[in-house]
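Following: one structure in structure tokens, then a few remarks.
There are 6 protein chains.
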Amino acid sequence: MKYINEIRIGDHVNSTYLCKSKTSGVTKTGKNFESLVLQDKTGSVDGKIWDVGSAGIEDFDALDYIDVVAEVVDFNGPQLNIKRVRKCREGEYDPRDYLPVSSRDIDEMYGELMDLVGLVRNKYLKALLEEFFVKDEDFIKQFRFSSAAKSVHHGFVGGLLEHTVSVAGLCRIYADKYKFLNRDLLITAALLHDVGKVREFSSFPENDYTDEGNLLGHIVMGSEMIGEKAKNIAGFPLSLENELKHCILAHHGKLEFGSPKKPALVEAVALNYADDLDAKMETFKEILNGTTEKGSWLGFNKLFESNLRATIGEE
Amino acid sequence: MKYINEIRIGDHVNSTYLCKSKTSGVTKTGKNFESLVLQDKTGSVDGKIWDVGSAGIEDFDALDYIDVVAEVVDFNGPQLNIKRVRKCREGEYDPRDYLPVSSRDIDEMYGELMDLVGLVRNKYLKALLEEFFVKDEDFIKQFRFSSAAKSVHHGFVGGLLEHTVSVAGLCRIYADKYKFLNRDLLITAALLHDVGKVREFSSFPENDYTDEGNLLGHIVMGSEMIGEKAKNIAGFPLSLENELKHCILAHHGKLEFGSPKKPALVEAVALNYADDLDAKMETFKEILNGTTEKGSWLGFNKLFESNLRATIGEE
Amino acid sequence: MKYINEIRIGDHVNSTYLCKSKTSGVTKTGKNFESLVLQDKTGSVDGKIWDVGSAGIEDFDALDYIDVVAEVVDFNGPQLNIKRVRKCREGEYDPRDYLPVSSRDIDEMYGELMDLVGLVRNKYLKALLEEFFVKDEDFIKQFRFSSAAKSVHHGFVGGLLEHTVSVAGLCRIYADKYKFLNRDLLITAALLHDVGKVREFSSFPENDYTDEGNLLGHIVMGSEMIGEKAKNIAGFPLSLENELKHCILAHHGKLEFGSPKKPALVEAVALNYADDLDAKMETFKEILNGTTEKGSWLGFNKLFESNLRATIGEE
Amino acid sequence: MKYINEIRIGDHVNSTYLCKSKTSGVTKTGKNFESLVLQDKTGSVDGKIWDVGSAGIEDFDALDYIDVVAEVVDFNGPQLNIKRVRKCREGEYDPRDYLPVSSRDIDEMYGELMDLVGLVRNKYLKALLEEFFVKDEDFIKQFRFSSAAKSVHHGFVGGLLEHTVSVAGLCRIYADKYKFLNRDLLITAALLHDVGKVREFSSFPENDYTDEGNLLGHIVMGSEMIGEKAKNIAGFPLSLENELKHCILAHHGKLEFGSPKKPALVEAVALNYADDLDAKMETFKEILNGTTEKGSWLGFNKLFESNLRATIGEE
Amino acid sequence: MKYINEIRIGDHVNSTYLCKSKTSGVTKTGKNFESLVLQDKTGSVDGKIWDVGSAGIEDFDALDYIDVVAEVVDFNGPQLNIKRVRKCREGEYDPRDYLPVSSRDIDEMYGELMDLVGLVRNKYLKALLEEFFVKDEDFIKQFRFSSAAKSVHHGFVGGLLEHTVSVAGLCRIYADKYKFLNRDLLITAALLHDVGKVREFSSFPENDYTDEGNLLGHIVMGSEMIGEKAKNIAGFPLSLENELKHCILAHHGKLEFGSPKKPALVEAVALNYADDLDAKMETFKEILNGTTEKGSWLGFNKLFESNLRATIGEE
Amino acid sequence: MKYINEIRIGDHVNSTYLCKSKTSGVTKTGKNFESLVLQDKTGSVDGKIWDVGSAGIEDFDALDYIDVVAEVVDFNGPQLNIKRVRKCREGEYDPRDYLPVSSRDIDEMYGELMDLVGLVRNKYLKALLEEFFVKDEDFIKQFRFSSAAKSVHHGFVGGLLEHTVSVAGLCRIYADKYKFLNRDLLITAALLHDVGKVREFSSFPENDYTDEGNLLGHIVMGSEMIGEKAKNIAGFPLSLENELKHCILAHHGKLEFGSPKKPALVEAVALNYADDLDAKMETFKEILNGTTEKGSWLGFNKLFESNLRATIGEE
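Chains A, B, C, D, E and F are the protein sequences, given in the same order. Residue numbering for the first sequence follows the working numbering, starting at 1 and increasing by one per position. Residue numbering for the second sequence follows the working numbering, starting at 316 and increasing by one per position. Residue numbering for the third sequence follows the working numbering, starting at 631 and increasing by one per position. Residue numbering for the fourth sequence follows the working numbering, starting at 946 and increasing by one per position. Residue numbering for the fifth sequence follows the working numbering, starting at 1261 and increasing by one per position. Residue numbering for the sixth sequence follows the working numbering, starting at 1576 and increasing by one per position.
This is how it looks when you write it as structure tokens:
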């Protein structure tokens, strides 16, 4: 396979790419053509199909993986003049070649998540966590694959899992350090704080807000999902369910960030700080990854409301 | 019955009052006594029980209705020196003599509410409304009796019903006027927008925030209640359920007012305006009711962020 | 007449258009030419006059209606190569072919406005309304023709009238519903709330902020206009004039929206809600008019601070 | 005359005071009495009239100057037991003994104001200033006597004049320093910027917001007053009137401070700075006047949003 | 010694207390007396010296430790009628009996701080830390004794040390977890982030803002102190000094919280989160310590902008 | 010398320009070339060096002054095809031909600054000013040459000096007018308020934020510089140093504008107003300088949050 960042004008290409978008057009002479954007993990490239009805051009849609045969021409940079195209079947390609993925192994992270589940001793909370992370296979599959965001931070396959394990790990440390925190409640809330995101974002490669994501948001959906699972557990104490839901609802910390309640419990405060810190650290890391030169200023960043730079540290 | 605003120093009293609060104390000479605050719809008065263990003093708690025999003494104004007291049974008193109540008849308002239900033609929404307002007797009882607020506006028995009928009536008018509004969705959302308040506030005479009210709030609880009822209705379209929940979630109009989502549908915008207008009109009305003189300035009001006055209008 | 959205490369055109702008240039060879933007209600198109001094090219200015004879050439799309041009006289064209206009009939709306005037029983307020809407012919002409905004909402011929009738209609309903509102004051204030806009915007086709519009704004100018008219009415009570002016000054509801006073009278509160609701409904309607697909998200909207979508409603 | 700060328990008093307030009461034995607050420039003291109907007690109202004969008794400090009282005629007392007054001579300040008027060379602006400060005797009388605020700064007789002269003096200096400022416009605007305050505040001793002050505010009223005077001057250029009014409307600098327009002209910017600086300097001066010890912290001040202290400067 | 919370009316007292305040007065009969507030770690009590000039009454000032002989009388609760008083010498009393102190041992915490210093490997940063925490004995004494605040959180003897160790401990964990953080810079910044507080607050028992604390604040003073110490270290890299100072200046995270710069380095971001979390946890802990009942709501808290309650957790 | 705004296609050019930027590229045929931006005070122009290694092309860097020989070709406007280039030595060119400079003479302004220094009578403050403006030659050179900003206002050679003299001149006037201001402190603070800018901005022609400028800011650096100089003056009173530093720290007036302290001294308030006024006047002047037509609206300006226009004034 030829990665997109290796394509040069004049090449002949025969490879599989993810078709990010597909639109139809009409030339000045009245002929139909199609414009594609092809993507793999190294970048994206434009492609054109001029002979739409011809033999080698099979049916496919945007977001399909397609096998293309093309000549690379120069049109303000390389452009694929596509001669043949067909839709690939699952198994013919490895999605990790085409999508942003976590740098950490998903199974390993899931193992860490289960270790954290193992720390919870309250029988109701433990049972609730198992409803999500052990028994609900559809949820598990989505949760492992999902991103934690459309862009911003952790916007890659496995991102939701990576962020969740990291936040819950911080919360475990906070519970050790600040003894008055309710350890079981805090770890459980951390592990569940973003479960609503499996419904807020469509799965990769699209990874965009769903209709219910836009209308309801992951905070309210996450609280609802907890309520539904808790119904399956006999004797789940109502006050415990409400405290847990409160932590989910309040975890953005401020009304203007979309939490319908400000943190009223100390565990909700701690969760808010852990979530926010992990998001900011990952965001800054992703910004720094794009730079090579220590000590150079990166320009004004809207999220941090500051001009940023990488630390020099010592000489 | 002697109303509290008619009690004079030197009177002998034998009447039933609501015991708003009850606390114990010890005199300088080491004797136990109890301090009460007694209330009816005309005001409140302090009472003392000096002979706590004596024959005529039966057991009761704060928020009980109690029958008292007392002499009225002067202690910076009238105070009841209580000789005998007993807890009343339901039926011995009429709560409307003791609590703030709507000036409108509750049955009549409920009839108007059912008329509005009758306007909804979408079969799923109509079925949902009936789940609440026809089939769920516990809910109906609470809804008719509940207030719409702890203080601010509509803070009286029947206030939730009065406010709901008023907002839904406005929405009906808006749907007639702005034809692009979805009439069924808007009226349904209006009728259900505050149903979570039956769980946010404890019932009268307490009428204070409940634990779940503080932790979750009526917006999220209302959305959940709708989700639970919708499960009982076969084939309820998911997109319709989400649109309806969105209207509930967004009806405060701004994140900083506790809505986890800003209005994204035009019906959510309209509902927000109707709810806000009705609340402001009722609040202003309650402020004006406390004044007698047209044209006099009432001082700075925090909600309206302005010095207010009653209108003179014409001469 | 050939509408602009029907013009094709290679066409010969002989039609009347509104000249939106006109600028002079010099070719590389040193020859003068003129660049025009021509407009009708279907869109706009560029035009060039290469032979500026030639016989068929008569004098005209930007914002004149002009009759052009031209060939349509291809210059990144169609462009009119104008051979002949002359300024049209009033009567030769129908402005509604060239400008955005209300979808409602202006006479009919004015009739509704007069019906609302007829509801006012206070003799001073009625006389004041007649000073504006019956006796002042210049004002009436401007008011019927004016827009309610430069862009945003009701930005079309008749928009001010349409918005005014709609807001006053809402206020009439509010006065019926909330009996403590002073009906005469509220309807009068609604009918006059935006009269300053006839001075804030220049007339169509320009429809831009005037100098005094920028310096003083329609709120203050509207209050002044009321003061001037009230002087013509013997015995107009001062407190009534001040209450009415207050409603005008406060109708934006917040200082940061340009009102020099927050609403202090309940009628000022009600007017603010009516004005705001009508503006938001019209704005949302104009946004939805641009979309065809129910259920599709329209992207983030600055005014509503939300991603918006059209309602699906039922299935 | 015995000043209030010299009154001691046991004194016999026969002096004239301003009656700040007067309320009626009933004793426990059912007898009518009257409670007064008496004021002079040194402070205030309570007084009681126990024999309301007796011979020496003549009619008077709150805000009258009254001559009292009284014994000073001890009631948590001195209290006047009033035996005789009568209302004084104008001329019997000097208001400056009873009201806060400017430390500067009013005639001298008015002379400075007229010098500033003399600097204006534009004939229309000069004529306008003379309409106010030379020809309108009622206005002049009010303007000389009025305060610039209810409390805050310059809240004393002559305060409006003192503040006006000071602001206009600053503007004169700014016009000398920043040559691109229009000197005539700026000085005129400074002299007229607060003329609306003669209608916003009632005259001393009351010095409270008037009804129209609350409803319209001095900014809008000042602009209107200018419009009315300008009508008397033949040929007053409209653009000049609008620029001047704009400076008045914008002189608070921000919408949230009650200006309906932000400064759009450089003179409006300069006027805003001069007005704000003079108000802040006077406020700080009044705060410092209440302190004796250099270097001591005065506590958090709301207006300055800071703990304040007097400067030590040098040692 | 009799602790203040054990004093009863009728007791005879002979103990040492901290004199929190001392004011002079004159009785109605013209005699001088002195009013004291006496304090120990269990509370405070009023005292009076009626015979100011008598033999047993020696000289002392507010904030002295004094030995008193007194009778306890009843004046709306117990009050000390002081017969004899003398100022104590250092050594006669243990300040920990009179002041709020950390619940942790100061030497132990200082040991932890030195362990954290030991982790820093960069030779310049290590040398700088030793300038403060090893070599500067005056600083060390103040730092160990100082509070971290006037009230809010850690407002007790040893509070600054406790908070510093806690924040630096968090930062050590963050550096382990987020590998791209510069560990040496972050730990150093954490250990020094509040050193300016030894100059911002006067020492106990006063513990109030100093003059320079009010004028300059601990953020700027801390940055200056670092600059001065760094001058003592040959070859200290300028960029490293600036990065460290930046972390100090930015550690409040937002301009409106008194940081003159927003965090621009990732270590400054991490420090801000650690500082804020530790402050919030300690504050919540202090709030919870005042309550006994799990599950009861504690009322609206300004810092957290929420009604708070202790967690129930499980049943 | 041929100024850049006089260069025409086809010209032969032999002149000295400032090389604002320099980047390398590779042509499609694999040959190296260099792209330059050349600048003088009249504008900027692109240049290309196609024969990078040829004889006439000597070494130089961005921000050097270079002497070029070139032909002017047409590439969407004039472009210099550079044949020969060499770096100039200091003295071969006059920087004022290449950089924005103050319209006022630098020596004359420095004379005014020294006059202001001469007004200060407090011996410590006078000595401090002389440390900066008389004794520190490096500082003086930088201060005379520096700009007061990267863009916004006074962004030219001599701008810092011009702004400083102007602000201190205003403060002198304020001290004359408001007698309670400490004249020596205020004038000293004004003269030193922006000294940190010589370190915040790199020198011309770059004039960009330095690393320490970004990390620490001119406010904190200015305060530090004062502290360092004060150390050289025996007996400099600490309270005076702190008051002066406070004025520097607080001179932006609000925390959100980067001041770590709000003004607590009246001189800090006055300095804030003088600084802000001078900045706004200069900014408005620079905006007006770009316009020719009196009375025309200049569009929305972000700094002034308003559409602006030049004043017409009179007719």
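In this text, a Cβ means the ideal position worked out from N, Cα and C, and glycines have one as well.
Do residue i and residue j have their CB atoms nearer than 7 Å?
i         : j         : result
B:Ile496  : B:Ala589  : Looking at the sequence itself, residue 496 of chain B is Leu, so the reference to Ile does not match. For B:Leu496 and B:Ala589, no; Cβs fall outside 7 Å.
A:Val72   : A:Pro78   : yes
D:Phe1078 : D:Val1062 : yes
D:Leu1233 : D:Ala1255 : yes
D:Ile1132 : D:Val1211 : no
A:Phe143  : A:Val220  : no
F:Asn1882 : C:Asn844  : yes
B:Lys609  : B:Ile627  : yes
F:Leu1593 : F:Tyr1673 : yes
C:Thr653  : C:Ser645  : no
At a CB-CB cut-off below 9 Å, which residues of chain F make contact with residue i?
i         : result
E:Pro1523 : Those do not exist, as E:Pro1523 stays about 11 Å from chain F at its closest Cβ, beyond 9 Å.
Look up residue i in the DSSP assignment and give the residues it is bridged to.
i         : result
C:Asp670  : C:Gly673
F:Asn1656 : F:Lys1623, F:Glu1646
E:Asn1567 : E:Phe1560
E:Thr1283 : E:Ser1295
Find the residues of chain A that neighbour residue i, judging by a C-beta separation of less than 8 Å, and give them in chain order.
i         : result
F:Ile1789 : Contrary to the premise, residue 1789 of chain F reads as Asn rather than Ile in this sequence. Residues of chain A passing the Cβ test: Trp297, Asn307, Arg309.
Helix, strand or coil, according to DSSP, for residue i in the structure here?
i         : result
D:Phe1245 : strand
B:Ala385  : strand
B:Phe348  : strand
E:Gly1371 : helix
A:Asn14   : strand
E:Tyr1533 : helix
E:Ser1363 : coil
A:Arg86   : strand
A:Val157  : strand
A:Ile233  : coil
C:Ile634  : helix
C:Ile639  : coil
Which residues in chain D sit within 8 Å of residue i, going by Cβ to Cβ distance?
i        : result
C:His876 : Leu1160, Leu1161
Going along chain C, which residues have a C-beta under 8 Å from residue i?
i        : result
B:Leu603 : Phe810, Val896
Q.
Measuring CB atoms only, is the region 1821-1837 of chain F touching the region 1262-1270 of chain E, in the sense that at least three cross pairs come out at less than 8 Å?
A. No, because fewer than three Cβ pairs between the region 1821-1837 of chain F and the region 1262-1270 of chain E fall closer than 8 Å, the two stretches do not touch.
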